[in-house]
Amino acid sequence: MKKILAAGFLALSTLAARAEYEQVNLTVFGMDCAPCAHAIHVSMKGIQGVNTVDVDLNTGLVSIKLTPGNSAVMRQFNEAVEKNGFTHKDANVLVRGQLSGSAEAPFLEVTGTKDRYALTPFSAGTNISALLGKAVVVEGVLPQSGKGKVSDTLRYKSMTEAK
Amino acid sequence: MKYLIVLVCAVLMAGAACAADHGPVFSYATPVNSQREFSFDTGIFGRSGSQGTQLSTGSGFGYGVTPHITVNAFLPASFGSGNLPESRIMSGTEWSAGASWRFLHSVTSVGKRIESTASLGLVVPGPQPDSGVLGTLHRAPGVAATLATGLASRSQYVWIGGGYTRFAEASNDRRPDTLSWSAVYGYRPSRLRRGYNQWDYRGFAELTGEHTGSVRSNGVILPDSTSTTLWLGPSVLAIFKNVAIEGGVQGPLFRDVSESVYGRERVRFAINLSYLKYSAHTSSH
Numbered sequence: 001m002k003k004i005l006a007a008g009f010l011a012l013s014t015l016a017a018r019a020e021y022e023q024v025n026l027t028v029f030g031m032d033c034a035p036c037a038h039a040i041h042v043s044m045k046g047i048q049g050v051n052t053v054d055v056d057l058n059t060g061l062v063s064i065k066l067t068p069g070n071s072a073v074m075r076q077f078n079e080a081v082e083k084n085g086f087t088h089k090d091a092n093v094l095v096r097g098q099l100s101g102s103a104e105a106p107f108l109e110v111t112g113t114k115d116r117y118a119l120t121p122f123s124a125g126t127n128i129s130a131l132l133g134k135a136v137v138v139e140g141v142l143p144q145s146g147k148g149k150v151s152d153t154l155r156y157k158s159m160t161e162a163k
Numbered sequence: 164m165k166y167l168i169v170l171v172c173a174v175l176m177a178g179a180a181c182a183a184d185h186g187p188v189f190s191y192a193t194p195v196n197s198q199r200e201f202s203f204d205t206g207i208f209g210r211s212g213s214q215g216t217q218l219s220t221g222s223g224f225g226y227g228v229t230p231h232i233t234v235n236a237f238l239p240a241s242f243g244s245g246n247l248p249e250s251r252i253m254s255g256t257e258w259s260a261g262a263s264w265r266f267l268h269s270v271t272s273v274g275k276r277i278e279s280t281a282s283l284g285l286v287v288p289g290p291q292p293d294s295g296v297l298g299t300l301h302r303a304p305g306v307a308a309t310l311a312t313g314l315a316s317r318s319q320y321v322w323i324g325g326g327y328t329r330f331a332e333a334s335n336d337r338r339p340d341t342l343s344w345s346a347v348y349g350y351r352p353s354r355l356r357r358g359y360n361q362w363d364y365r366g367f368a369e370l371t372g373e374h375t376g377s378v379r380s381n382g383v384i385l386p387d388s389t390s391t392t393l394w395l396g397p398s399v400l401a402i403f404k405n406v407a408i409e410g411g412v413q414g415p416l417f418r419d420v421s422e423s424v425y426g427r428e429r430v431r432f433a434i435n436l437s438y439l440k441y442s443a444h445t446s447s448h
C-alpha cells in the first residue's frame, strides 16, 4: 500500500513539476500606502508555493516568484488582490505547461491545475507546430479579467521546449 | 421584515467612520478593512476647555467581512471632568458597534482610487457616567450614520464626510442630536513615496465641525444648550507594515456655544495606535 501511495505521489509530483507558474508579475491598481502593499504581500505569501513577493507601490507591480513543483493557480493571485479591495490588471507570467490543440489553435494546459489558456502570439508569424504535444515554458501576458475570473487567453511572447 | 433588517443592521453596525488605521485621526474617511483583516485601535482623545478637561481612551476593533464591508466596535473609557458639548467626532463614554460599507470603489490608476463609504451603527451608554451638563441626563441608546467620500493616491488624499447621531429618550431626558462634518486634505511628499517595508508618513490638514441640538432634561429643553463649532488642525500618520501611529491637534475656528453652559473649549487632540492583522488565507484551487 505504501508503495502504491509513494508511486501515486511521485506521479503527481512529476505532473506538477512539469506544469507550473514560475513567475507572475501582476499590475495592481489602487494601492496608495504601505499597509496596502503589506496586505498584498501577506496574501500572496499565503498561497502555497509562493517563494518571494515584491511589491512596488509607485508602479503597482507585484512580482511573485514560485518554488518548483508548486500547484498554485492564477485565480488565487487574482483573489489575493481582490480580497484587499484592489484591482488586478494585466499579468506577465512565466509558466510551464503542456502544449495541445493545433498550430492554428494552440492551448496551454497547466496540468495539476484547471488552468488552461488559448494561446495567441504577440507577433504574427510564430510557428509553434514543432512543440505541439510537448512540455513548454511560455512567457506571456494574461490580459485583465473581471472580478473572480481569469483570462482564458494567454498572449505569448516566447515559447521554448521545457528541459 | 424591513424594520427587522434595519434593526439587525443597526445592531451589527454602529459607529463613526472616523479615523485610525489608514486615514485621518479626527475626520471621516473611506478606508475599510481587507477581507478577513482584523484591526485593533487604541488611543487617547482629549478635549480641554475653561470648565475642565475630558480625556478618553478606548479600544476599537474592526473585521473585514468582505473587501468592502467592515464590522467594528469601539469601547471608550473616559476620565476627567470637563463640561463640554456632545461630540461624535471626539469619543466620549458611549460604546458603539456597527458596520461600514464601501459602496463606491473606483480604481482609476496605479496607486489611486475614488471611493465612498457609509456607516451605520448603534451607540449605547457605557458604564461610566458623563460629566458636566450631559452627566445629569438619563441615557438611552442612539443610532449613528455617517457618509464619507474622497480620493486616495500616492501623493494626495481628499475626503469629505458627514454624520448624524440621534439618541432615544430616557425618563424624559434626551441627549442632543448631533450633526457632524469634516473635510481633510492629506499629502505625502515625493521623497516619502518609497517602499512598503519602510515607514510610510503622511500629513493631514483636518477641518471638522459639529452642531449639537438642544439638551432635554425632565422634558424641558435646557436653554442655550445647542452648540456649533468648527475646528482645524494638523495630524500626522506613520505606518510601518501593519502598525500605525497617528497624532493630531485641533483648535477652534468658530464657536457658537454658550459659555455659561459649556465653557470655552480650547483644544482637541488625539493620539491613536493601530495594529492591522492581515489574513494570509487564500482559497485552494
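Chains V and S, in that order, give the protein sequences.
Counting in my numbering, the first sequence runs from 1 upward without gaps.
Counting in my numbering, the second sequence runs from 164 upward without gaps.
Here a beta-carbon is modelled for each residue, glycine too, at the ideal position from N, C-alpha and C.
Neighbour flag for residue i against chain S, beta carbons, 8 Å
{"i": "V:S13", "result": "Interpretation of V:S13 is limited by its pLDDT of 42, a score under 50 that renders its predicted location unreliable; no figure is taken from the coordinates."}
{"i": "V:A16", "result": "Unreliable placement is indicated for V:A16, whose pLDDT of 39 sits below 50; no coordinate value is reported for it."}
{"i": "V:G101", "result": "no"}
{"i": "V:G60", "result": "yes"}
{"i": "V:I128", "result": "no"}
{"i": "V:A118", "result": "no"}
{"i": "V:V24", "result": "no"}
{"i": "V:S145", "result": "no"}
{"i": "V:F29", "result": "yes"}
{"i": "V:D152", "result": "no"}
Rounded separation between residue i and residue j - CA only
{"i": "S:T445", "j": "V:S43", "result": "7 Å"}
{"i": "V:N58", "j": "S:T229", "result": "26 Å"}
{"i": "S:N335", "j": "S:P304", "result": "14 Å"}
{"i": "V:V164", "j": "V:F107", "result": "For chain V, the structure presents residues 1 to 163; residue 164 of chain V sits outside this window and is missing."}
{"i": "S:I207", "j": "S:W344", "result": "21 Å"}
{"i": "S:I408", "j": "S:Y438", "result": "9 Å"}
{"i": "V:A16", "j": "V:A124", "result": "In this prediction, V:A16 scores a pLDDT of 39, lower than 50, which makes its location untrustworthy; no coordinate-derived value is stated."}
{"i": "S:W362", "j": "V:V110", "result": "40 Å"}
{"i": "S:V383", "j": "S:V420", "result": "19 Å"}
{"i": "S:P352", "j": "S:R199", "result": "31 Å"}
{"i": "S:V332", "j": "S:R265", "result": "Checking the sequence, you will find Glu at residue 332 of chain S rather than Val. Cα to Cα, S:E332 sits roughly 31 Å from S:R265."}
{"i": "S:S263", "j": "V:G133", "result": "52 Å"}
{"i": "S:T128", "j": "S:T309", "result": "Since the first residue of chain S shown is 164 and the last is 448, residue 128 of chain S is not available in this structure."}
{"i": "S:S398", "j": "V:Q144", "result": "38 Å"}
{"i": "V:V150", "j": "V:Y21", "result": "14 Å"}
{"i": "S:V296", "j": "S:L283", "result": "27 Å"}
Pick from the options that is closest to residue i, judged by C-alpha positions
{"i": "S:L370", "options": "S:V383, S:I323, S:S390 and S:V406", "result": "S:I323"}
{"i": "V:E104", "options": "V:D115, V:V73 and V:L119", "result": "V:L119"}
{"i": "S:F237", "options": "S:V228, S:Q217, S:H231 and S:G261", "result": "S:G261"}
{"i": "V:K89", "options": "V:G30, V:K163 and V:Q98", "result": "V:G30"}
{"i": "S:T205", "options": "S:F224, S:W362 and S:K275", "result": "S:F224"}
{"i": "S:V412", "options": "S:K404, S:S421, S:R429 and S:G382", "result": "S:R429"}
{"i": "S:G298", "options": "S:I252, S:G245, S:Y320 and S:T312", "result": "S:G245"}
{"i": "S:S112", "options": "S:L436, S:A433 and S:F242", "result": "Only positions 164 to 448 of chain S appear in this structure, which leaves residue 112 of chain S out of reach."}
{"i": "S:N435", "options": "S:T220, S:G215, S:Q214 and S:N196", "result": "S:T220"}
{"i": "S:S269", "options": "S:R302, S:T312, S:R337 and S:P248", "result": "S:T312"}
{"i": "V:Q23", "options": "V:G46, V:C36 and V:V62", "result": "V:V62"}
{"i": "S:V378", "options": "S:F330, S:R276, S:Y441 and S:G349", "result": "S:F330"}
Minimum Cβ-Cβ distance from residue i to chain V less than 8 Å
{"i": "S:N405", "result": "yes"}
{"i": "S:P230", "result": "yes"}
{"i": "S:Y441", "result": "yes"}
{"i": "S:S197", "result": "yes"}
{"i": "S:I402", "result": "yes"}
{"i": "S:T445", "result": "yes"}
What runs of the beta strand (DSSP E), each 3 residues or longer, lie entirely inside the stretch 226-262 of chain S?
232-243
Return the residues of the stretch 78-94 of chain V that lie within a Cβ-Cβ distance of less than 8 Å from chain S, sorted by chain order.
E79, A80, E82, K83, N84, G85, F86 and T87
Which of the residues in the stretch 62-75 of chain V, read from start to end, lie with their CB under 8 Å from any CB of chain S?
S71, A72, V73 and R75
Using a Cβ-Cβ cut-off of less than 8 Å, give me the residues of the stretch 268-279 of chain S that come near chain V, in sequence order.
H268, V270, T271, S272, V273, G274, K275 and R276
Contact list for the stretch 349-383 of chain S against chain V, Cβ threshold 9 Å
R351, R356, R357, G358, Y359, N360, Q361, W362, D363 and R365
Restricting to runs no shorter than 4 residues, where is the alpha helix (DSSP H) found entirely within the stretch 367-418 of chain S?
none
Residues in the stretch 288-316 of chain S with C-beta within 8 Å of chain V's C-beta atoms, listed in sequence order?
A315 and S316
Quick one: which residues of the stretch 36-48 of chain V get their C-beta closer than 9 Å to a C-beta of chain S? List them in chain order.
C36, A37, H38, A39, I40, H41, V42, S43, M44, K45, G46, I47 and Q48
Using a Cβ cut-off of 8 Å, which residues of the stretch 187-216 of chain S contact any Cβ in chain V, in chain order?
V195, S197, Q198, R199 and E200
Runs of 3 residues minimum, wholly inside the stretch 58-130 of chain V: which ones carry the beta strand (DSSP E) assignment?
61-66, 87-101, 106-109 and 116-121
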